[in-house]
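J.: Here's a structure for you.
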Amino acid sequence: SQQGEEDPQALSIQEGENATMNCSYKTSINNLQWYRQNSGRGLVHLILIRSNEREKHSGRLRVTLDTSKKSSSLLITASRAADTASYFCATDAGPGKLIFGQGTTLQVKP
Amino acid sequence: AAGVIQSPRHLIKEKRETATLKCYPIPRHDTVYWYQQGPGQDPQFLISFYEKMQSDKGSIPDRFSAQQFSDYHSELNMSSLELGDSALYFCASSSSGPLTNTGELFFGEGSRLTVL
Numbered sequence: 003s004q005q006g007e008e009d010p011q012a013l014s015i016q017e018g019e020n021a022t023m024n025c026s027y028k029t030s031i032n033n034l035q036w037y038r039q040n041s042g043r044g045l046v047h048l049i050l051i052r053s054n055e056r057e058k059h060s061g062r063l064r065v066t067l068d069t070s071k072k073s074s075s076l077l078i079t080a081s082r083a084a085d086t087a088s089y090f091c092a093t094d095a096g097p098g099k100l101i102f103g104q105g106t107t108l109q110v111k112p
Numbered sequence: 470a471a472g473v474i475q476s477p478r479h480l481i482k483e484k485r486e487t488a489t490l491k492c493y494p495i496p497r498h499d500t501v502y503w504y505q506q507g508p509g510q511d512p513q514f515l516i517s518f519y520e521k522m523q524s525d526k527g528s529i530p531d532r533f534s535a536q537q538f539s540d541y542h543s544e545l546n547m548s549s550l551e552l553g554d555s556a557l558y559f560c561a562s563s564s565s566g567p568l569t570n571t572g573e574l575f576f577g578e579g580s581r582l583t584v585l
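One line per chain: the protein sequences are E and D, in this order. FYI, in the working numbering the residues of the first sequence are 3 to 112. FYI, in the working numbering the residues of the second sequence are 470 to 585.
Laid out in structure tokens, this is it:
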């Protein structure tokens, strides 16, 4: 990956449990975004956190950003089977360029 | 609400043939991005356009070219196709423009290219 690693690469949990995915990046950023992708489909934007923010919430999603460690985490609380998808973090490498991490494949078992 | 439209959705080509993918951004979006995603891989940035001018360039092979037209739609032209070009090609659009940080991208459903 051009930007970094996501951890874990795959995650399998039961419905109702929380899922945490981590992302590391290499360069300085202006913002970091998380996207979701169902198999073979387009990516859908979930949340954007700016470099001067440390935490952000959106519904069942909580994102943290640690610029000193160049890392971010995405927490999905009370997971549902419909949350099964791949999740990617992405960082802006300048205007007109968004670089994606390798993604975490989440499976939520009903 | 209108979304990003990509065509064709599926395309099968032989090695050394050419292919053209089209992208129609969300109305009033002025920036278009192209990404390539191989099986099990993350999306790789190819190229972006703002107001019909190339904005930034990523890992786009020399065999590929792209442009944005006056109606803001974009086309990705791929020549001398290789087996390794088989992938999902995504177009995305935004209203960020070149002078601001890259904000939320809106993706199309992708064009799946298979090279035999």
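The beta carbon of each residue, even a glycine, is placed where N, CA and C say it ideally should be.
Along chain D, in chain order, which residues have C-beta atoms closer than 7 Å to that of I101 (chain E)?
T.: F514
J.: Measuring CB to CB, does W36 (chain E) end up less than 8 Å from L100 (chain E)?
T.: no
J.: Alpha carbon to alpha carbon, how far is Y558 (chain D) from S524 (chain D)?
T.: 19 Å
J.: Thinking C-alpha only, which one of E:N20, E:A84, E:L48, E:A95 is nearest S60 (chain E)?
T.: Per the Cα distances, E:L48.
J.: Looking at chain D, is there any beta carbon in it that lies within less than 8 Å of the beta carbon of Q35 (chain E)?
T.: yes
J.: Relative to the alpha-carbon of N54 (chain E), which residue among E:V46, E:G42, E:G44, E:L67 has its alpha-carbon at the smallest distance?
T.: Nearest Cα to N54 (chain E) within the set E:V46, E:G42, E:G44, E:L67: E:L67.
J.: Over the uninterrupted beta strand (DSSP E) stretch that includes T66 (chain E), give me the two end residues.
T.: 63-68
J.: Going by DSSP, which residues form a beta bridge with S75 (chain E)?
T.: E:N24, E:T66
J.: Note down the Cα distance separating T583 (chain D) from R56 (chain E), rounded to an integer number of angstroms.
T.: 42 Å
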